[in-house]
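*Asks:* Using full-length UniProt numbering, count along the sequence shown one by one with no gaps and you end on 146. The beta carbon of each residue, even a glycine, is placed where N, CA and C say it ideally should be. Computed from a prediction, not measured in an experiment: that's the story for all the values here. Can you keep this structure in mind? I'll have questions shortly.
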Amino acid sequence: MTIQRMDNVAIVVDDLDAAVAFFTELGMELEGRMSIEGSWAERVVGLTDMRSEIAMMRIPDAPGKLELTTYHSPELIRPEPKVAPPNTLGLHRVMFAVDDIEDTVARLRPHGGEVLGEVSRFEDIFLLCYLRGPSGIIVGLAQQLR
1 MTIQRMDNVA IVVDDLDAAV AFFTELGMEL EGRMSIEGSW AERVVGLTDM RSEIAMMRIP
61 DAPGKLELTT YHSPELIRPE PKVAPPNTLG LHRVMFAVDD IEDTVARLRP HGGEVLGEVS
121 RFEDIFLLCY LRGPSGIIVG LAQQLR
């Protein structure tokens with residue numbers, strides 16, 4: 001048996017509207033938004049009295065989706081520290097290839113995007129940076145130079 005594909009990566013956020021706006025500005029498109037609840041959902045995720053809302057974001061003309069999720073019940077669990085550094089165990093970051101890293105960073109700043117370090121050059125191959133977005137999400141950006 002082999003894996004056929006990776007369908008999506010889910011990210012739990014506290015403000016779904018802000019996360020949708022951030023990833024829309026990045027260049028993703030909202031594919032759909034819906035409430036998720038009921039016994040079938042509780043059985044899948046292993047939570048009792050689960051009510052959530054998801055927004056499925058897709059990359060236009062390319063594979064790859066993000067499922068942005070907020071939980072209404074049970075209450076969101078906030079990590080300690082509230083804004084985890086990049087070396088925290090668990091999901092580290094989501095990386096996107098972009099055409100113009102400086103323009104992308106500038107467009108994401110009004111949506112809460114904050115560069116963690118600086119835009120750096122890796123040899124003559126990439127410009128790279130980590131950016132913190134809504135709910136403390138770390139997004140990697142990579143611009144190929146050649």
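1. Where do the ends of the alpha helix (DSSP H) carrying glutamate 42 lie?
2. Tell me the start and end of each unbroken alpha helix (DSSP H) in the UniProt domain "VOC" (5 to 144) that is at least 4 residues and wholly inside, in chain order.
3. Rounded to the nearest angstrom, what separates proline 81 and aspartate 103 at their Cα positions?
4. When you compare each of Val139, Asp61, Arg43, Tyr71 to arginine 51 by their alpha carbons, which one comes out closest?
5. Please determine, among Arg93, Arg121, Ala21, the residue with the shortest C-alpha to C-alpha distance to arginine 107.
6. What whole-angstrom Cβ distance do methionine 57 and phenylalanine 23 have, given they're in contact under 8 Å?
7. Just the C-alpha distance for proline 85 and isoleucine 138, rounded to the nearest angstrom, thanks.
8. Count the other CB atoms within 10 Å of the CB of isoleucine 125; is the residue buried (16 or more) or exposed (fewer)?
9. Go through its chain and collect everything with a Cβ distance to proline 79's Cβ below 7 Å, but skip five positions before and after it.
10. Leucine 68 and leucine 16 - do their beta-carbons sit closer together than 8 Å?
*Replies:* Walking through what the data contain:
1. 39 to 45
2. 16 to 26, 39 to 45, 101 to 108
3. 30 Å
4. Tyr71
5. Ala21
6. 5 Å
7. 9 Å
8. exposed
9. none
10. yes
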